[in-house]
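Take any residue in the sequence shown, count from 1 to its spot, add 23: that is its number in my numbering.
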Amino acid sequence: MKFSFPILLGLWMVSQSAGPSRVSDAVYGQLRSLKINGETAPANGLTIHRDAATFIFNRGEFHFTEPVQGKVVAAVFIGDGEFRLDPPTAVEKRNLEIFVKDVPLAEPFSELVCHFTDSTYQEITHGVSLSKGSPSQKASSILEDRMGLLRKGRNFSKPNIAIDLLHYNLPARLLADIYDPSHAGFFNAFIKGKRFEHLMFRIDPRGVPVVEPEEVVLASFSDGDLGIWNAFHLQAHYNAGAAAVADEDHRLMDIQHQEIQATIKGTELRAKTRTTIEVLADGPRVLRFDLYPTLRVTRVADTAGRELQFIQEKLGDDPDLIVIFPETLQRGKHTLEFEYSGDNAIKQMGAGNFALVARENWYPSSTFGDRATYDMTFRIPKDLVMVASGHPQGSSQQGNEVVTRWKSDVPLAVAGFNFGKFKKTELNDDKTKYLIESYANTNPTDLFREIKDFVDAANFDTTRLMDKARNEAQVAIGIYQNYFGPLPYGRLAMTQQPFVNFGQAWPMLVYMPITSYFDSTTRNSIGMTGAADFFKIVGPHEVAHQWWGHIVGWKSYRDQWMSEGFSEFSASLFAHLVYGDEKFLEFWKDQRQRIVEKNEMGRRPADIASVTMGYRADNARTGNATRNLIYPKGAFILHMIRMMMYDNRSRDESFIAMMRDFVTTHRNQNVSTEDFKRIVEKHMTAEMDITGTKTMDWFFNEFVYGTDLPRYKLDYQLVTEGQQTILKMRVTQSEISPNFRMAVAVYLETEDKKLAKLGAVRILGNSSQDAIVTLGFRPKRVLLAAYEDVLANIDQR
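Right, dumping it as structure tokens:
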């Protein structure tokens, strides 16, 4: 969870130490140094279809690279062509309309660089005469330019998820298919269009990084239209049915256990790991691991002691860690040993304050959420304190070092650590059976030591409020266990981190912003005057990630909204039960405001994308939208379901049963949006079945997969007839698509300002619904969605 405020932080750069690849694989060497070889083919009216894309080469010439293992894997086209794309889903068509006026996309181009392990070369050369001459300098320059972009990236004015598609080791990806042709079918094209000069279209049957398991992506790397424009599955997979798409898993391996021995001195991390993996398919020889780029590998071996070839190109290029096996792997367990070290995965911030920058890849891993058990041993200077994921197995001083061991027999989505000159407090909660710890540094970071000299009101002693974080966690765990069920961890450490405007949660370990340990006077004195509400819920939000993100994870970027949205919703429960109705309502009004307020590009997050677009909602045309979309709207989705299930008599009983079932059913699993929908449908009430189909398609299509934001207006009269009060009301729904429907809650407010839910009015499309109800008393007011029951603009509440 993150909050923005105007406090000046120092920038830092990683060192650019090189460290060559420990690889002598001749085939990789050829792929790494591909050159235009002088062979050409004419293109006159050639059409190549690639899933939803069509490439039309009207006139021009292809220039090929030299064959590798007898196969041509790259070509440069110079001439006149057109790229067409017709996305297969309505969601992706809508997203493409952000960048182009007319969909399908039709973009003329003059240059194209493609790499492939499919039939592209055969299609280009079929029925034409090839020529052989001197290599074209222009084609060579174009190839070098595009490969430079892919390897090194470039400077962009703003961050964006599309940039993660760069710094990509394309030769290693081609190598994987050459050594395992059963999975061939890779195709990547850089397109220099007339309007858009830096388009990239890719098909990867193994899933495209960033958007996996989706296999098809279109992205732009120009500042004015930077972003992932489209991502979707192969058409053949859609044809196989929704279940086939939902269950796709392209992983070649599943990491099962990590044994890590790490030594930390200053900002240097030196480690040895024994990583047990299960290979999920027969045939691969090339496996990719995720390791922070500044951590340079010196050795990879198998349990037989054989040293394995690995690739890790220099910093600033494409430093993916890739292991090459001497023979094809078979399904089953394998264990690898890694040795590595480096600076800048840890940042020193003064006075015994350290920050683990490489939060999720300080050890060789695969993808976030690949659950494994952990056995970790750390050596750190003896004057520092270590805290980590897992359960402590003992601590000892050995010379000038303190050695601690942490173990988890419960599979974890990720493991982390924090350390510094910490003071520690703890408590055992008998009710929740949880050990809750708090760690705070005895001295402020260098940043606040400097500020302290000219801010008189500031008090930067974070240990004064360290028990507040622990106590909030204790209360939050109690609330969440009641609503969502118990966790298997039994321990949670709330720890201070040097970063000032965000929190983060790993299993059993929460990183809290240092500023959350300051009092309000101190925060106001350093310019955080508008952050009070953030600090009320940042702890409870991060605690909730123990459920949403760890015990229940997300399958793909399209499902990450549940992790952030459900954690934000959980914080609303904390706000309600700790701070009361007023703060609860303020919380939801603030969430709605974030969704409907225009951003720096003049666009409302609600209109930009559905929550299932995840971080793709941010691009050069929409501005920053994701944090004001998946967090608050994701929370609202669950809040609306809760309010539909709420009953004056049983209160939250049905909702609690549903959420506990969701956690129990999917414990230690990564779930999809559809998995959650099935649980909702299992527990849906009669009030929720507004289509009479016993499904929640209507709700998910509108609020999860859709972008509609309704407006409601209530007109009513209270008429006294004898001893009875008659309510005559009209509810009007507008500003939505014709098939939009909702059940809008109606509340009665008593003279002492208590609220009682009367029922719900069902409305379809842009229309009004009239109702006449006999009441047992005369209310002070009649309100629509008094508890922000619906994400909407309401003229009268």
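Heads up, the beta-carbon is just placed ideally off N, CA and C, and yes, glycines get one too.
Reduced DSSP category for residue 731 - H, G, I as helix; E, B as strand; rest coil: coil
Beta-carbon proximity list for residue 262, same chain, < 8 Å, skipping 5 on both sides: Around residue 262: no qualifying Cβ.
Continuous alpha helix (DSSP H) stretch holding residue 563: start and end: 555-567
Backbone secondary structure at residue 777 - three-state DSSP: The DSSP-derived three-state label of residue 777 is coil.
Which of helix, strand or coil DSSP assigns to residue 646: In the three-state reduction of the DSSP assignment, residue 646 falls in the strand class.
Stretch pair the stretch 286-303 + the stretch 412-422: three plus CB contacts closer than 8 Å: no
Sheet register partners of residue 782 (DSSP bridge): Beta-bridge pairing links residue 782 to 769.
Pair within 8 Å by beta-carbon distance, residue 702 and residue 688: yes
Every unbroken beta strand (DSSP E) within the stretch 143-231, with a cutoff of 3 residues, ordered by chain: 210-216 and 222-226
Own chain, CB closer than 6 Å to residue 35, minus 5 neighbours either side, in chain order: Legend: pLDDT at residue 35 = 27, less than 50; position of this residue unreliable, value from coordinates given subsequently. So the list is empty, once near-sequence residues are dropped.
Candidates 365, 729 and 85: closest to residue 98 by CA position: 85
Assumed close pair residue 236, residue 271 - CB separation to whole angstroms, cut-off 8 Å: Going by Cβ atoms, the distance from residue 236 to residue 271 rounds to 4 Å, so yes, they are a contact pair.
Residue 158 vs residue 81 beta-carbon contact at 8 Å: If you check the CB distance, residue 158 and residue 81 do not come in under 8 Å.
Sufficient close CB pairs (3 or more, under 8 Å) joining the stretch 336-349 to the stretch 388-397: Counting Cβ pairs under 8 Å, fewer than three are found: no touch.
Helix, strand or coil at residue 298 according to DSSP, with G and I counted as helix: strand
Contacting residues, own chain, Cβ-Cβ under 6 Å from residue 482 (five flanking each side not counted): 545
Cut-off 8 Å between Cβ atoms - residues of its own chain near residue 801, not counting five sequence neighbours on either side: 741, 743 and 748
Best match in 433, 432 and 377 for proximity to residue 409 [C-alpha to C-alpha]: 377
6 Å CB neighbourhood of residue 816 in its chain, flanking five on each side removed: 734
Burial state of residue 795, where buried means 16 or more other Cβ atoms lie within 10 Å: Exposed, since its Cβ has fewer than 16 Cβ neighbours within 10 Å.
Best match in 253, 682 and 758 for proximity to residue 662 [C-alpha to C-alpha]: 682
Inter-residue Cα distance where the pair is residue 709 and residue 568: Cα atoms of residue 709 and residue 568: separation of roughly 31 Å, rounded to the nearest angstrom.
Alpha-carbon to alpha-carbon, residue 623 and residue 309: Residue 309 and residue 623: Cα-Cα distance of roughly 44 Å.
Buried or exposed (CB count within 10 angstroms, at least 16 for buried), residue 55: buried
Sheet register partners of residue 805 (DSSP bridge): 771, per the DSSP bridge assignment.
Collapsed DSSP secondary structure at residue 504 in the structure displayed: helix
Paired residues, beta bridge with residue 583 - DSSP: According to DSSP, residue 583 bridges with nothing at all.
Exposure label - residue 591; buried when at least 16 CB within 10 Å: buried
Among 464, 463, 184 and 295, nearest to residue 647 - alpha-carbon criterion: The shortest C-alpha separation from residue 647 is found at 184.
Neighbourhood of residue 773 by C-beta, 8 Å cutoff - its chain only, sequence neighbours within 5 removed: The beta carbon of residue 773 sits closer than 8 Å to those of 779, 800, 802 and 803, all from its chain and outside the five residues before and after it, given in chain order.
Cβ separation of residue 586 and residue 658, assumed to be a contact under 8 Å, to the nearest whole Å: Not really, about 11 Å apart at Cβ, beyond 8 Å.
Neighbour-count burial assignment, residue 88, 16 or more Cβ in a 10 Å radius: Under the 10 Å beta carbon count, residue 88 is surrounded by 16 or more other beta carbons and is classified as buried.
Bounding residues of the alpha helix (DSSP H) (the contiguous stretch that carries residue 269): 265-269
C-beta atoms of residue 666 and residue 677 nearer than 8 Å: no
Coil, strand or helix - residue 739 by DSSP: strand
Between the CA atoms of residue 763 and residue 725 - distance to the nearest angstrom: Their Cα atoms are separated by approximately 7 Å.
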